[in-house]
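As numbered in our numbering, residues 581 to 953 make up the sequence shown, in order. Ideal placement from N, C-alpha and C gives every residue a C-beta, glycine not left out. Nothing here was measured: the structure is a model prediction, and the numbers come from that model. To start, the structure itself, in structure tokens.
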Amino acid sequence: MLLILHPDIQENDPAYVKTLAHLKQISGVSLKHHQVNGQEQLLHEIYLLGNTHAINIEDIEALPAVEKVIRISEEYRILGRHKDLQRKTGFHYKGLNFDQDSLHIFAGLCAVDNPKHVEEMMVALKANGLNCTRMGAYKPRTNPYAFQGHGKDCLPWVFDLAGKYGIKVIAMEVTHESHMAEIDQALRDAGNPCGVIMQIGTRNTQNFELLKAIGKQSEYPALLKRGFGITLSESLNAAEYLASEGNSQVIFCLRGMKSEFGAPHRNMVDFAQVPTVKRLTRMPVCIDPSHSVGSRDVAPDGVLELCHATAQGVLAGANMVLVDFHPAPQKALVDGPQALTLNELDIFLKDMEIARTAYLARVNAWKNHSAKA
Ligand code: PEP
Ligand code: MN
581 MLLILHPDIQ ENDPAYVKTL AHLKQISGVS LKHHQVNGQE QLLHEIYLLG
631 NTHAINIEDI EALPAVEKVI RISEEYRILG RHKDLQRKTG FHYKGLNFDQ
681 DSLHIFAGLC AVDNPKHVEE MMVALKANGL NCTRMGAYKP RTNPYAFQGH
731 GKDCLPWVFD LAGKYGIKVI AMEVTHESHM AEIDQALRDA GNPCGVIMQI
781 GTRNTQNFEL LKAIGKQSEY PALLKRGFGI TLSESLNAAE YLASEGNSQV
831 IFCLRGMKSE FGAPHRNMVD FAQVPTVKRL TRMPVCIDPS HSVGSRDVAP
881 DGVLELCHAT AQGVLAGANM VLVDFHPAPQ KALVDGPQAL TLNELDIFLK
931 DMEIARTAYL ARVNAWKNHS AKA
């Protein structure tokens with residue numbers, strides 16, 4: 581059972597004290613406290629765990645600090661919606677709101693290679709009014725002899741450049757918990773010019789020790805990629821690992837499934853599940869068209885297949901797009917063949933805006949339809 585308390589209530593408030601005293605004396609039930617930082621409010625949630633079947637919901641609703649009571653299922657205890665369509669989604673980070681209504685574009689380098697390319701990328705982002713990016717410093721590679729990323733050595737200049745060009749948030753993959761400490765140190769040394777979302781790649785979706793380590797801190801939000809060969813439910817449970825340790829600032833990313841049936845795409849595009857993840861959980865949903873489609877192939881209508889896939893995800897209500905760009909894809913050290921070029925950023929954004937406008941119009945049309953019914 582989940583209790584949502586009145587927003588911004590203080591722990592020394594008499595209503596809070598009275599409510600807690602009542603809850604603590606219910607036998608066979610333990611309490612777990614969870615806080616959610618919203619844009620305007622601090623939300624307190626209390627989970628009643630154990631033998632909650634005998635509890636009368638009306639008694640709990642009548643407690644002075646309680647705003648709402650929700651019966652929850654075992655699945656996705658914290659991140660799940662539990663059929664409550666009004667449940668608050670997402671979180672606030674570095675002045676930006678990441679929720680199931682917003683849309684953020686994280687265009688950037690799959691792998692950081694040199695300061696010149698990072699700077700050219702950031703100049704283009706700024707010129708196009710973008711303040712988020714992706715920058716891979718730690719690269720998980722199939723081949724042990726392939727470029728593994730510059731790791732912590734590149735962080736000082738990547739963060740300096742982010743500050744110079746007004747980048748607020750960087751999505752950066754970490755493959756070991758020590759990488760989080762290195763990022764934390766480098767951000768401090770640079771004077772905290774930007775924020776970082778800890779990206780957990782598809783190969784690490786079920787690396788539970790990594791998930792627990794990232795879940796134990798709440799300074800940095802997490803972006804969890806769907807596992808490429810496990811069920812959606814298994815990947816959503818992996819996300820719940822982060823929340824169960826205390827960090828519910830989690831974005832879920834669809835990036836395609838490994839399957840021969842997806843060929844000639846690199847992975848089988850799974851963006852039809854954007855609304856499904858939003859229905860089952862309250863995580864904002866990201867799409868990664870680059871690692872799904874994996875090429876720059878152009879359809880007969882003149883549109884890149886990668887951009888068609890992006891539009892499909894946005895049209896289905898995606899909240900974030902993680903996409904590879906590179907100033908000189910032929911020189912990129914990782915995933916050059918799927919990178920868009922800087923002079924394609926403008927058309928990419930125009931295309932996305934068309935899809936986003938169409939998505940909002942679709943939602944409105946359905947609202948009007950339901951109001952009439
Ligand atoms: C990436 O985003 O750079 C990446 C390696 O993606 P994935 O984990 O989805 O393969
Ligand atoms: Mn890549």
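Query - Residue(s) in a DSSP beta bridge with THR713 - result: Mapped onto the sequence shown, residue 713 falls at position 133. DSSP output for THR713 lists ILE750 as bridge partner(s).
Query raised in the report: The alpha helix (DSSP H) with VAL927 in it runs from where to where?
Result: Here residue 927 refers to the residue found at position 347 when the sequence shown is read from its first residue. Reading off the sequence shown, one finds Ile at residue 927, where the question assumed Val. First-last of the alpha helix (DSSP H) with ILE927: 925–952.
Query raised in the report: If you pair each beta-carbon of the region 768–787 with each one of the region 800–810, do three or more pairs fall below 8 Å?
Result: yes
Query - Close-in-space but distant-in-sequence residues of the same chain around ASP931 (CB under 8 Å, 5 per side omitted) - result: Taking the first residue of the sequence shown as 1, we reach residue 931 at position 351. These residues qualify, in order along the chain: VAL883, CYS887, THR890 and ALA891.
Requested in this report: In the DSSP assignment, find the alpha helix (DSSP H) that holds HIS697 and state where it starts and stops.
Outcome: On the sequence shown, residue 697 is found 117 positions in, with the first residue counted as 1. Start and end: 695–707.
Query - Three-state class that DSSP yields for MET581 in the structure shown - result: Against the sequence shown, residue 581 aligns to sequence position 1. Of the three classes helix, strand and coil, the one that applies to MET581 here is coil, per DSSP.
Query raised in the report: Below 8 Å, can you find three or more Cβ-Cβ pairs linking the region 582–602 to the region 644–653?
Result: yes
Report task. Buried or exposed for ILE628, please, with buried defined as at least 16 other CB atoms from any protein chain shown within 10 angstroms of its CB. Result -> Translated into positions along the sequence shown, residue 628 becomes position 48. A quick correction: the sequence has Leu, not Ile, at residue 628. LEU628 comes out buried.
Query raised in the report: Going by DSSP, which residues form a beta bridge with ASN723?
Result: Counting from 1 along the sequence shown, the entry for residue 723 is found at position 143. ASN723 is not bridged to any residue.
Query raised in the report: Considering only the beta carbon of each residue, do ILE810 and CYS866 sit closer than 8 Å?
Result: Along the sequence shown, one-based indexing puts residue 810 at 230. Along the sequence shown, one-based indexing puts residue 866 at 286. Not a contact, by the Cβ cut-off of 8 Å.
Query raised in the report: So does the region 733–747 actually touch the region 918–929, counting three or more Cβ pairs closer than 8 Å?
Result: no
Query raised in the report: For the alpha helix (DSSP H) that GLN619 lies in, which residues bound it at each end?
Result: As a first step, residue 619 is located in the sequence shown; it is residue number 39 there, counting from the start. Run containing GLN619: none; DSSP gives neither H nor E here.
Query raised in the report: Expressed to the nearest angstrom, what Euclidean distance is found between the alpha-carbon atoms of LEU611 and HIS602?
Result: For the purposes of this step, residue 611 is taken as residue 31 along the sequence shown, with counting starting at 1. For the purposes of this step, residue 602 is taken as residue 22 along the sequence shown, with counting starting at 1. One C-alpha to the other measures close to 11 Å.
Requested in this report: With a 10 Å radius around its C-beta and 16 neighbouring C-beta atoms as the bar for buried, classify ALA941 as buried or exposed.
Outcome: Indexing the sequence shown from 1 puts residue 941 at position 361. Exposed, because fewer than 16 other Cβ atoms sit within 10 Å of the Cβ of ALA941.
Query raised in the report: Taking just the CA atoms, how far does GLU654 sit from ILE635?
Result: The residue given as residue 635 occupies position 55 in the sequence shown. The residue given as residue 654 occupies position 74 in the sequence shown. Going by the C-alpha atoms only, they are around 17 Å apart.
Query - Ranges of the beta strand (DSSP E) found wholly within the region 620–651, counting only runs of at least 3 - result: 622–630 and 646–650
Query raised in the report: In the structure shown, what three-state DSSP assignment does ASN817 receive?
Result: One-based indexing of the sequence shown puts residue 817 at position 237. Helix at ASN817.
Query raised in the report: Does the distance from the C-beta atom of GLY675 to that of PRO864 stay below 8 Å?
Result: For the purposes of this step, residue 675 is taken as the residue at position 95 of the sequence shown. For the purposes of this step, residue 864 is taken as the residue at position 284 of the sequence shown. In this structure, PRO864 does not lie closer than 8 Å to GLY675 by Cβ.
Query raised in the report: Helix, strand or coil for ASN784 per DSSP?
Result: On the sequence shown, residue 784 is found 204 positions in, with the first residue counted as 1. ASN784 falls in the helix class under three-state DSSP.
Query raised in the report: For CYS690, which three-state DSSP category applies?
Result: Walking along the sequence shown from the start, residue 690 turns up at place 110. Three-state result, CYS690: coil.
Report task. Could you name the residues of the same chain whose beta carbon sits closer than 8 Å to that of TYR821, not counting the 5 residues immediately before and after it, in chain order? Result -> Looking up residue 821 in the sequence shown gives position 241. Closer than 8 Å at the Cβ level, and outside the excluded window around TYR821, lie PHE788, LEU791, LYS792 and GLY795.
**Report entry** Local conformation of VAL914 per DSSP, three classes
**Finding:** The count along the sequence shown starts at 1 and reaches residue 914 at position 334. VAL914 falls in the coil class under three-state DSSP.
Query raised in the report: Just checking my contact of GLY807 with PRO855 at CB under 8 Å: how many whole Å lie between their CB atoms?
Result: Taking the first residue of the sequence shown as position 1, residue 807 is located at position 227. Taking the first residue of the sequence shown as position 1, residue 855 is located at position 275. Actually they do not touch by this definition, with Cβ atoms about 20 Å apart.
Query raised in the report: Does DSSP classify VAL854 as helix, strand or coil?
Result: To locate residue 854, count along the sequence shown from 1; it is residue 274. Residue state, collapsed to three classes: helix.
**Report entry** Status (buried if at least 16 other CB within 10 Å, exposed otherwise) for HIS624
**Finding:** As a working mapping, residue 624 is identified with position 44 in the sequence shown. Flag for HIS624 reads buried.
Report task. With DSSP as the reference, please indicate the residues paired to HIS684 in a beta bridge. Result -> Your numbering for residue 684 matches position 104 in the sequence shown. DSSP output for HIS684 lists MET900 as bridge partner(s).
**Report entry** Distance between ILE658 and ASN827 (C-alpha atoms, nearest Å)
**Finding:** In the sequence shown, residue 827 corresponds to position 247, counting from 1. In the sequence shown, residue 658 corresponds to position 78, counting from 1. If you take the alpha carbons of ASN827 and ILE658, they lie about 10 Å apart.
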